[in-house]
Every structure is written in structure tokens, then in C-alpha cells.
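> So the protein sequences, as listed, match chains A and B. UniProt numbering puts the first residue of the first sequence at 1, with every later residue one more than the last. UniProt numbering puts the first residue of the second sequence at 1, with every later residue one more than the last. I am attaching a structure below and will ask some questions about it afterwards.
There are 2 protein chains.
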Amino acid sequence: MLSKNTVKFIKTLHQKKYRNLEQKFFLEGEKSVLEVMDSDFKIELLLATDQFMESNEETMQSYRGELLNVTQKQLESVGQFQSNDSALAVVCMKPNHYFDQPQDELVIALDDVRDPGNLGTIIRIADWYGIKHLLFSEQTAEFYNPKVIQASMGSFTRVKFYYGDLAKVFAQWECPVYGAYLDGENIHQLDQVNPGILLMGNESKGISEELAPMVTNKLTIPGSGNAESLNVAIATAILCDNFSRLGV
Amino acid sequence: MLSKNTVKFIKTLHQKKYRNLEQKFFLEGEKSVLEVMDSDFKIELLLATDQFMESNEETMQSYRGELLNVTQKQLESVGQFQSNDSALAVVCMKPNHYFDQPQDELVIALDDVRDPGNLGTIIRIADWYGIKHLLFSEQTAEFYNPKVIQASMGSFTRVKFYYGDLAKVFAQWECPVYGAYLDGENIHQLDQVNPGILLMGNESKGISEELAPMVTNKLTIPGSGNAESLNVAIATAILCDNFSRLGV
Chain A
1 MLSKNTVKFI KTLHQKKYRN LEQKFFLEGE KSVLEVMDSD FKIELLLATD
51 QFMESNEETM QSYRGELLNV TQKQLESVGQ FQSNDSALAV VCMKPNHYFD
101 QPQDELVIAL DDVRDPGNLG TIIRIADWYG IKHLLFSEQT AEFYNPKVIQ
151 ASMGSFTRVK FYYGDLAKVF AQWECPVYGA YLDGENIHQL DQVNPGILLM
201 GNESKGISEE LAPMVTNKLT IPGSGNAESL NVAIATAILC DNFSRLGV
Chain B
1 MLSKNTVKFI KTLHQKKYRN LEQKFFLEGE KSVLEVMDSD FKIELLLATD
51 QFMESNEETM QSYRGELLNV TQKQLESVGQ FQSNDSALAV VCMKPNHYFD
101 QPQDELVIAL DDVRDPGNLG TIIRIADWYG IKHLLFSEQT AEFYNPKVIQ
151 ASMGSFTRVK FYYGDLAKVF AQWECPVYGA YLDGENIHQL DQVNPGILLM
201 GNESKGISEE LAPMVTNKLT IPGSGNAESL NVAIATAILC DNFSRLGV
């Protein structure tokens, strides 16, 4: 049975403050829940409808955590989705771990990307292109924000990330730092790139003054129209696609 | 002075039903308002703060429509933005005009793209790559939805669009129809493309059964990771970038 206390607890996880306090977050919808069940994240509590349990019998059989059988109405009352007839999971956060410079891999670094939808979309793009490591400045949106988790479409389970001082990390790592600018080298004319860091800036301010001097390669996405700029997730995708074409 | 009736009128424009009835929509924020003032859209009413008028003196001098000087607080009470210290415009819609097949140009067609943020972002991408014509199925998100206008970042003023039966249009036009699939030709291996239609499908269902047989060229964005798919706006951007590289 879904107790009042459990309802109250899950509702507190809608707020960042309580997520941090509890070191737990929640996610909802069949796809995200199945992805997290198939990952190394620890699930604290699973709320699932009859329908979810029936259509995912095998997955449910190997699930060992706490389970509450709930109705669609109950799910919708605790989550953020307007409509959810499947499941919601309360999951333990992973600690913020620094990682060493990966060899022969592109790493995406985000300099104050604030919009949770953009962050989630960038995580999904990273996962599409097989990029496993992400660096986030302290002011970048929170990885465990429900909108980030939702936009990542399960890809959040497959990336490693570290929140910290990007300038310090860049100073320690010996590799090129690629940054998107309006006056850089045309990415369609690159004939070689090396693994390194792809640095993407804030939605309105771009790459910060502190990090700009650390960019070793300024890149530009050529456009022939009149839009002044591209959304940061869109630009990330186009750059990743151009890197992938060159084997990085 | 901002009358109660004007407040009430603008608030009705938050709803699609009233936008259609009045054939008017609204947009807010300095960038969008300046872009629409610089376009061939007819502005019905402009609400502007002292700050907006002072920092855009020249633009204001050539503005001939109705103007109301308002406070930031008043702007925020009628619009959707949490914070708006500049302006809000009520603008006349353009009629839904069919256009003939443009020559030597790529046209983007959207088959039931439902999310307003995706539609606005795709309009911005089109404008970046100089794509001027867009075709929308009837079930595609509404062009004048405030979220579409906002996500397009002013680019909505520079594209032509037509809502209608895509199958009929495709049957009339003689050109290739490119569609994104998971099992198509690798876009990194294309060495030539011709102007035509780039068809993008619904967020969850992809390209509809009705239109799928009309796709002449199935394309695939190669990925080496584990994400099952890409967001539709992201895929549109990557495809446009690959077409632009080949001169289309």
C-alpha cells in the first residue's frame, strides 16, 4: 500500500534541496524505469501498476528491491507526468566522482548550461555517439533534475559525469579543447581532429571569460541563413556528428 | 494605460482557441519583439517598458502601430515569462498559404511533430541553414503557440510554412523525399544529395504509415553508443548539416 508518508517523501524529491539531502531522485515512465532497472543504479523503491508488472514479467522477477503495487491515479499524484500508467522509481544518487582523462575519447564539458532540457538532450546525444564522460561546471543544471532525467531518455544511466572547476580540470589534462564560436574554423573543412574536450557554453553568454583562453581550437558551424545562433544542444549534436565522421 | 480589457484580451491569446478566433498571437522578450518589428508581420499592439523604448529608440521611431507604455510588473502579469522587463507584442497571424515547390531548395516537412519546443527549435535550425519553406501535417504543433515562437528565437519571422495534407503535397511535387530511419543509408557516406523534401516524423511514432511509402531515400545518422534514438530536432539539425555540407 502507498502510505501518506511515502507520497510525502516522493513529493519532496521534486525539490533539489531534498534530493541533495536524501541523495535520492525519482524517475517515471516505462522506458526510464526499465533503463534504470537495467543499470548499476540502486533502486530504493519501485511503484508499479499491474500493467507494468505484467508487460515486464522477466525484469520484475529479477528485481529484489522494495515494490509497491499502485494504480495509475496514485502514480500521477506523486510524479510529474500528467499521464503515467506504468511505473515510478526512487533511485540512489551516485557520488560526484572525479575521473582521470580518458584516453582516445572525446569528453563533453558544459560551462553553465542551465536549462535541464538542454542538459538531458546533450546526455542523450553523448550516448548516441558513444561519448561516456561529461564534465559539468558547478552552475550547470542538476543531473538528477526530473526534466534532465526525462529528456535523457534513459541515457543518463550510461554516462559518467563530474561537477567541478572546469579550469582546474583543463589545466591538468593535456589535450585539445574545442569550443564553438561564430568566428572559428569551419567544421566542414576539418580533415582531422584529435580526442580531447568539446566545450559548450551557457545558453545566453556562451563560453565564459575564464575558460575562453583555454580553448585551443575554435570551431564554427557554417550556416547560410539568418538565425544568429543555434541552441546549445543542437550545436553539440552537430559538432559530435562532425567529430564522429572524422573517427573521434 | 493598460486597461482591464486589454489584459483580459492578451490573456485569452494564451489559448489556441482564442488565437484562432482572433487570428492573433503574442510574443514577448526583447529579441523576439525586435525581430517581429523588423519583419513583415503586422503588429496590432505593442506593450513596452521605458527601458525597452530607451534602448531601442530608432526602432521605436519608425513604429506606427498602437503603443502602451507599461511597467515590468504589468508585462509579467499578462505574458508567460516569469521575468520580462522589455516588451510584449500582439501580432496578426498570416493566413495558411500553400506554396509551389521551391526550386533548388531543401524543404523540411514535419509529420505530426507535437512538441512546441521541438517545432520552435526546428524553425531556428531551418533559419540557420537558410531553409525557407516548411510543410506541416495538420497534427503538427501550432506555429503560433508561445512556446514555438519563443524557441524559434525570432526565426519564425523568416520562414514560410503551410499546414496541410503532406501526402497530397508529396504527390504533386516531383522531388526526392528524404526520411530518417534506423536502417537507412549512412549520411556520412553520401556523396551527393539533391534538393527535395526532408521528412521528419512524430516524436514517438516516427514517420507515419501513410507517408512512409513516399520516402524515396532512407537515411541514417550513424551512432556508436547505446541511445535508441535522437530527439527529432536534434536529428533534423544533423541531417541539415550533412545536406549543407553537400551544398544543399
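By construction, the Cβ of each residue, glycine as well, lies at the ideal position given by its N, Cα and C atoms. Please read all numbers here as calculations on a predicted model, not as lab measurements.
Determine the direct distance from the alpha carbon of B:Ser3 to that of B:Phe9, and round the result to whole angstroms.
Here the question's residue 9 of chain B lines up with position 9 in the second sequence. Here the question's residue 3 of chain B lines up with position 3 in the second sequence. Near 10 Å, if we compare the C-alpha coordinates of B:Ser3 and B:Phe9.
> Taking A:Tyr178 as the query, report the chain B residues whose CB atoms sit under 9 Å from its CB, ordered along the chain.
Walking along the first sequence from the start, residue 178 of chain A turns up at place 178. Residues of chain B passing the Cβ test: none, with the nearest at roughly 16 Å.
> Have a look at the DSSP bridge pairing and note the partners of B:Ile197.
In the second sequence, residue 197 of chain B corresponds to position 197, counting from 1. According to DSSP, B:Ile197 bridges with B:Val107, B:Val177.
> With a threshold of 8 Å on Cβ separation, who are the neighbours of A:Gln82 within its own chain once the five nearest residues in sequence on each side are excluded?
Looking up residue 82 of chain A in the first sequence gives position 82. These residues qualify, in order along the chain: Glu76.
> Is A:Ser32 buried or exposed, if buried means 16 or more other CB atoms sit within 10 Å of its CB?
Sequence index remark: in the first sequence, residue 32 of chain A carries index 32 (1-based). Buried: at least 16 other Cβ atoms inside 10 Å.
> What separation, rounded to the nearest whole angstrom, lies between the Cα atoms of A:Glu213 and B:Val177?
Locating residue 213 of chain A in the first sequence gives position 213, where the first residue counts as 1. Locating residue 177 of chain B in the second sequence gives position 177, where the first residue counts as 1. It should be noted that the sequence gives Pro, not Glu, for residue 213 of chain A. Those two C-alpha atoms are separated by around 44 Å.
> Classify A:Asp40 as buried or exposed, calling it buried when 16 or more other Cβ atoms lie within 10 Å of its own Cβ.
Counting from 1 along the first sequence, the entry for residue 40 of chain A is found at position 40. It counts as exposed.
> By the three-class DSSP mapping on this structure, what secondary structure does B:Ala151 have?
For the purposes of this step, residue 151 of chain B is identified with residue 151 of the second sequence, where counting begins at 1. Here B:Ala151 sits in helix by DSSP.
> List the residues of chain C whose Cβ lies closer than 7 Å to the Cβ of B:Asp127, in chain order.
This model lacks chain C altogether, as its protein chains are A and B.
> Run through chain B and tell me which residues come within less than 9 Å of A:Leu47, C-beta to C-beta.
Translated into the one-based positions of the first sequence, residue 47 of chain A becomes position 47. Simply none; closest approach about 23 Å.
> DSSP three-state call for A:Tyr163: helix, strand or coil?
Within the first sequence, numbered from 1, the residue matching residue 163 of chain A stands at position 163. The answer is strand: DSSP assigns A:Tyr163 an E or B state.
> Do the region 138-157 of chain B and the region 184-197 of chain B meet, that is, are 3 or more Cβ pairs less than 8 Å apart?
The answer is no - the region 184-197 of chain B does not touch the region 138-157 of chain B, with fewer than three Cβ pairs under 8 Å.
> Quick check on DSSP: helix, strand or coil for A:Gly184?
Locating residue 184 of chain A in the first sequence gives position 184, where the first residue counts as 1. Note: A:Gly184 maps to strand in three-state DSSP.
> Are the beta-carbon atoms of B:Ile207 and B:Asp111 separated by less than 8 Å?
By 1-based counting over the second sequence, the position of residue 207 of chain B is 207. By 1-based counting over the second sequence, the position of residue 111 of chain B is 111. For B:Ile207 and B:Asp111, yes; Cβs fall inside 8 Å.
> With DSSP run on the structure shown, which of helix, strand or coil describes A:Leu13?
Working through the first sequence from its first residue, we reach residue 13 of chain A at position 13. If DSSP states are grouped into helix, strand and coil, A:Leu13 belongs with coil.
> Within this structure, are the beta carbons of A:Val232 and A:Val113 separated by less than 8 Å?
Reading the first sequence from its first residue, position 232 is the one you call residue 232 of chain A. Reading the first sequence from its first residue, position 113 is the one you call residue 113 of chain A. Cβ atoms of A:Val232 and A:Val113: closer than 8 Å.
> Starting from the beta carbon of B:Leu230, find every residue of chain A whose beta carbon is closer than 8 Å, and list them in chain order.
For the purposes of this step, residue 230 of chain B is taken as the residue at position 230 of the second sequence. Those are Arg124, Ile125, Trp128, Ala237, listed as they occur along chain A.
> Compare the Cα-Cα distances from B:Gln51 to each of B:Ser229, B:Asn20, B:His14, B:Met60 and report the closest residue.
Locating residue 51 of chain B in the second sequence gives position 51, where the first residue counts as 1. Ranking the options by Cα distance to B:Gln51, first place goes to B:Met60.
> What does A:Ile149 reach in chain B if we use C-beta pairs closer than 7 Å?
By one-based count along the first sequence, residue 149 of chain A stands at place 149. Near A:Ile149 there are no residues of chain B at all, since even the closest Cβ is about 14 Å away, more than 7 Å.
> Any beta carbon from chain B within less than 8 Å of A:Arg64's own beta carbon?
By 1-based counting over the first sequence, the position of residue 64 of chain A is 64. It does not; no Cβ of chain B falls within 8 Å.
> What does B:Leu246 pair with, by DSSP beta-bridge criteria?
Position 246 of the second sequence, counted from the start, is the residue given in the question as residue 246 of chain B. B:Leu246 is not bridged to any residue.
> Which value, in whole angstroms, describes the spacing of the CA atoms of A:Cys240 and A:Glu28?
Residue mapping note: residue 240 of chain A aligns to position 240 of the first sequence, counting from 1. Residue mapping note: residue 28 of chain A aligns to position 28 of the first sequence, counting from 1. Answer to the nearest angstrom: the Cα atoms are 29 Å apart.
> Whole angstroms are fine: how far does the CA of B:His188 sit from the CA of A:Asp85?
The sequence position of residue 85 of chain A within the first sequence is 85, counting from 1. The sequence position of residue 188 of chain B within the second sequence is 188, counting from 1. Approximately 40 Å between the Cα atoms of the pair.
> What is the DSSP secondary structure of B:Leu119, reduced to helix, strand or coil?
Sequence index remark: in the second sequence, residue 119 of chain B carries index 119 (1-based). In the structure shown, B:Leu119 sits in a helix (DSSP, three-state: H, G or I).
> Just the C-alpha distance for B:Leu13 and B:Gly79, rounded to the nearest angstrom, thanks.
On the second sequence, residue 13 of chain B is found 13 positions in, with the first residue counted as 1. On the second sequence, residue 79 of chain B is found 79 positions in, with the first residue counted as 1. Using only the alpha carbons, I get a separation of about 10 Å.
> Kindly list, in the order they appear in chain B, the residues whose Cβ is closer than 9 Å to that of A:Arg158.
Position 158 of the first sequence, counted from the first residue, corresponds to residue 158 of chain A. In chain order: Gly225, Asn226, Ala227.
> State the DSSP-derived secondary structure class of A:Lys24, mapped to helix, strand or coil.
Residue numbering aside, residue 24 of chain A sits at position 24 when the first sequence is read from its first letter. A:Lys24: strand per DSSP, three-state reduction.
> Decide yes or no for the touch test of the region 159-175 of chain B against the region 94-107 of chain B: beta carbon pairs closer than 8 Å, at least 3 of them.
Result yes; three or more Cβ-Cβ pairs closer than 8 Å.
> Going by CA-CA distance only, name the one from B:Asn194, B:Ile221, B:Gly179 that's closest to B:Leu106.
Counting from 1 along the second sequence, the entry for residue 106 of chain B is found at position 106. Out of B:Asn194, B:Ile221, B:Gly179, B:Asn194 has the C-alpha closest to the C-alpha of B:Leu106.
> With A:Trp173 and B:Gly225 assumed to form a contact (beta carbons below 8 Å), what rounded beta-carbon distance in angstroms separates them?
In the first sequence, counting from the first residue as 1, residue 173 of chain A sits at position 173. In the second sequence, counting from the first residue as 1, residue 225 of chain B sits at position 225. Going by Cβ atoms, the distance from A:Trp173 to B:Gly225 rounds to 22 Å, so no, they are not a contact pair.
> Provide the residue span of the alpha helix (DSSP H) that contains B:Leu47, from first to last.
Looking up residue 47 of chain B in the second sequence gives position 47. Not the alpha helix (DSSP H): B:Leu47 falls in the beta strand (DSSP E), residues 43-48.
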